[in-house]
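Report on the structure given below.
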Amino acid sequence: MTLESTVICLDTSDYLRNGDFTPNRMAAQIDASMMLCQSKMNGNPENNIGLLTMKPNVIMTLTTDINIIISQLDMLKISEEKQKFDIALRTAHLVLKHRTSTKHKMRIIAFVASPIECTNKELRDLAKKFRKEKVDVDVVNFGEEELNKSKLEIFIDAINGKSGTGSNLVNVSRGSVLIDQIKNSAMLNDSSIMSSSNFEFGVDPSIDPELALALKMSMQDHQTDTVQSGGTSDLNAITNSTSNDHQAGNTESVLLNPESLDIESMSDEQQLIYALQLSLKDSQKSIDSMEIDTISTPQTSTV
Numbered sequence: 001m002t003l004e005s006t007v008i009c010l011d012t013s014d015y016l017r018n019g020d021f022t023p024n025r026m027a028a029q030i031d032a033s034m035m036l037c038q039s040k041m042n043g044n045p046e047n048n049i050g051l052l053t054m055k056p057n058v059i060m061t062l063t064t065d066i067n068i069i070i071s072q073l074d075m076l077k078i079s080e081e082k083q084k085f086d087i088a089l090r091t092a093h094l095v096l097k098h099r100t101s102t103k104h105k106m107r108i109i110a111f112v113a114s115p116i117e118c119t120n121k122e123l124r125d126l127a128k129k130f131r132k133e134k135v136d137v138d139v140v141n142f143g144e145e146e147l148n149k150s151k152l153e154i155f156i157d158a159i160n161g162k163s164g165t166g167s168n169l170v171n172v173s174r175g176s177v178l179i180d181q182i183k184n185s186a187m188l189n190d191s192s193i194m195s196s197s198n199f200e201f202g203v204d205p206s207i208d209p210e211l212a213l214a215l216k217m218s219m220q221d222h223q224t225d226t227v228q229s230g231g232t233s234d235l236n237a238i239t240n241s242t243s244n245d246h247q248a249g250n251t252e253s254v255l256l257n258p259e260s261l262d263i264e265s266m267s268d269e270q271q272l273i274y275a276l277q278l279s280l281k282d283s284q285k286s287i288d289s290m291e292i293d294t295i296s297t298p299q300t301s302t303v
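For the record, in the sequence shown the residue sitting at position 197 is 197 according to full-length UniProt numbering, with numbers rising by one throughout.
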């Protein structure tokens, strides 16, 4: 069985509030991501998976712990920030370069549900780099399917080159069941993966009933939160501050600023620092949010 390291890039833009997928695009994306993660791990327990959003923001570096992966997916929130397709995929490649074993093939799975602002030339250049580095990319194009289809076809064709295989584009029309379309696509062409994907979230309840129940409850909780939020903007979204960049050294400023990122000129040490800093920034936001919740909790006393 092929060993593989996979980074899943998730769209968290405002477009994910749209209800053209049941119950909305975000919930459908999380559902499909959980299935893909479980399918990858069922395919080979030594496979590992990382997660990032297309801000870009590294949620989790590569791991084999499916429970951590599921918990991180369950906490995914919608953001009003624009998605940066090319920078997100470059960041995913950076995470893959630091995989524990070079025997693992590299793959990126990108969910796209908002307009891609990259030019065709930028996409071709990125594709050539991935083909040279032997990185396969699967793209799930849904929601804004017609708008992004031609650009993504150029991108995938450029990665595959003359062979025409390795990377896949799955175009999913509005109103379809996202997870079913992925199950029936070339993304899941391995027999062991296909067999596991026939179950909800890719988990056979007879083998792991606790995980199957946990995944189902996690999705139900997410759907409940979505309904209760009423489509309002994410109050936890925090605008990235640039004030610390002026206080830090030039190297640190560049590493923390994806817009000015030049991965090719970075050393291996700088690349590792960059990936870790992205993860730590996201973790610190979660900690700060928890502290605020603790402070604001009213104290009650009994008489």
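The beta carbon of each residue, even a glycine, is placed where N, CA and C say it ideally should be. Model, not experiment: these values are computed from the prediction.
In the three-state reduction of the DSSP assignment, glycine 43 falls in the helix class, which pools H, G and I. By the Cβ rule, the segment 83-99 does not count as touching the segment 39-46, because fewer than three pairs are nearer than 8 Å. In this structure, leucine 188 keeps its C-beta atom at 7 Å or more from the C-beta atom of phenylalanine 155. Contact check for threonine 6 against lysine 55 fails: the beta carbons are separated by 7 Å or more. Per DSSP, serine 173 has no beta bridge partner at all. Assignment of glutamate 146 by DSSP, reduced to helix, strand and coil, places it in the helix class. Between the C-alpha atoms of valine 177 and phenylalanine 142 there is a straight-line separation of about 10 Å. Within the same chain, Cys37 and Ile49 come within 6 Å of isoleucine 69 by CB-CB distance, once the 5 residues on both sides are set aside.
Between the alpha carbons of tyrosine 15 and glutamate 4 lies a distance of about 31 Å. The shortest C-alpha to C-alpha distance from alanine 186 to any of Met26, Val139, Ile116 and Cys118 is the one to Val139. For valine 172, the closest of Ala113, Lys129, Lys132 and Lys162 by C-alpha to C-alpha distance is Ala113. In the structure shown, isoleucine 69 adopts helical secondary structure according to DSSP, grouped into three states.
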